[in-house]
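First up is the structure itself, then whatever we jot down about it.
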Amino acid sequence: VSWSVASGATLVLENGTHTFSGTHSGEIAGTLVQTNGTVQAGSEGATFNFTGTGYQFAMAR
Amino acid sequence: MKGQTHRGTIGVIACLYALILLTGKGWAQGTWTWQQQCSSSNEWSAICYTYAGCGYDQNGNPIHRYFNNWGLSQCGVSPGLPGPGSVCIFPAGADALLSSNVDILSVGISNGATFSWQSGSLTLRNPSDNSRGTLTNEGLLRMVSGYNRYLSGVLVNTGTLVHEDGRPTSTGRVCKTAAQRRCAAGGTWSNNTGTNSFVNTGTLNKTTTNSFTITVPMQQQNATVNVQAGTLTLRLVATRIRM
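Chains as they are written, first to last, in the working numbering: chain W, -4 to 56; chain G, 882 to 1124.
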């Protein structure tokens, strides 16, 4: 999956369980943040390859 | 004999009345292909009219011919609209707007078609067993305005789904700039009754400086997610985000 968050923009993941599989990449010039809930890798595993500010966790588990 | 004729006449009138009631219910099953006839509105349920071709009533007034945006017209009464069990097709070149509540089986948005979902609930189901129906987008599916949208069913996006535009509001807002003090909410796209999902193998774009929240469980598969401005919140019960 290709993710792109422009400068000044925000992508928020909230609540529930967010399961990532495969490769996730892209330019995160703004904010990509998970504020709560659960993040986990799927059975195939997951690779994060973000540039910029990357994937931020805030009160996530 | 005269009594039988009278009863027969009543029967015919009753049948006609029942037919009018059914017609007046305003929907029917089957396959519906978007064919915009109302120049004044591209809304899903729009009805417009002219005076052409329907003659005059008993008072000498012209009878309206009513049109919908699904290629149908009728004299004196509005034509039906897609209803429970209907399959709705938006061919290339279509440019349709949904700002009302609809209950149908499925929607197909073709490559080259634009479907703007402004507000309302989109219920996709099979009325015979209430199983989930599907919206398949191969074209451009726009989420416009700051109103709320509700999905029951499955949305499969292989084209482009874009959230754009917002409406000024005093609550739940993200301000464009402090100096302007102009705020806009981009609305929500919410999970309605039943087990629903959003499968994205295409592109999800958010283009304007407002907030937009999606609470429909989603799967991103080999997809592209672009947040070009504002805040996109994925507030979900469960998501599967995979390559």
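Idealized CB from N, CA, C, for every residue including glycine.
- Taking the CA atoms as reference points, W951 (chain G) sits about 27 Å from S1078 (chain G).
- The Cβ neighbour count for Y932 (chain G), taken over all protein chains shown within 10 Å, is under 16; the residue is labelled exposed.
- At least one beta carbon of chain W lies nearer than 8 Å to the beta carbon of T1114 (chain G).
- Just so you know, the alpha carbons of G1001 (chain G) and T30 (chain W) end up roughly 29 Å apart.
- When the Cα atoms are used, R1030 (chain G) and T5 (chain W) turn out to be separated by approximately 21 Å.
- Inclusion of G3 (chain W) and G25 (chain W) in the CB contact set at 8 Å is warranted, their separation being smaller than that value.
- At a cut-off of 8 Å between beta carbons, E9 (chain W) contacts chain G.
- Chain-ordered, the chain G residues with CB closer than 7 Å to the CB of V0 (chain W) read V1108.
- Apart from the 5 residues on each side of it in sequence, F52 (chain W) sits with its Cβ closer than 8 Å to the Cβ of V28, Q29 and V34 in its chain, given in chain order.
- Q1109 (chain G) sits in coil when the DSSP states are folded into three classes, being neither helix nor strand.
- Your pair W913 (chain G) and I970 (chain G) checks out as a contact, with CB atoms roughly 7 Å apart and the cut at 8 Å.
- Following the DSSP letters along the chain, one finds C969 (chain G) inside the beta strand (DSSP E) bounded by residues L962 to F971.
- Among the bridge pairs identified by DSSP, Q918 (chain G) is matched with none.
- In the three-state reduction of the DSSP assignment, V958 (chain G) falls in the coil class, being assigned neither a helical nor a strand state.
- The residue among G:V1043, G:L978, G:I985 and G:L1005 with its C-alpha nearest the C-alpha of S920 (chain G) is G:L978.
- The C-alpha of I23 (chain W) lies about 5 Å from the C-alpha of G47 (chain W).
- Pairing T1015 (chain G) with D984 (chain G) gives a Cβ-Cβ distance that is not under 8 Å.
- Here P943 (chain G) is exposed, its C-beta having fewer than 16 other C-beta atoms within 10 Å.
- Pairing E9 (chain W) with Q918 (chain G), the inter-Cα distance amounts to about 43 Å.
- Within chain G, the C-beta atoms nearer than 8 Å to that of T5 (chain W) come from V1108, G1111, T1112 and L1113, in chain order.
- Taking the CA atoms as reference points, V958 (chain G) sits about 13 Å from D938 (chain G).
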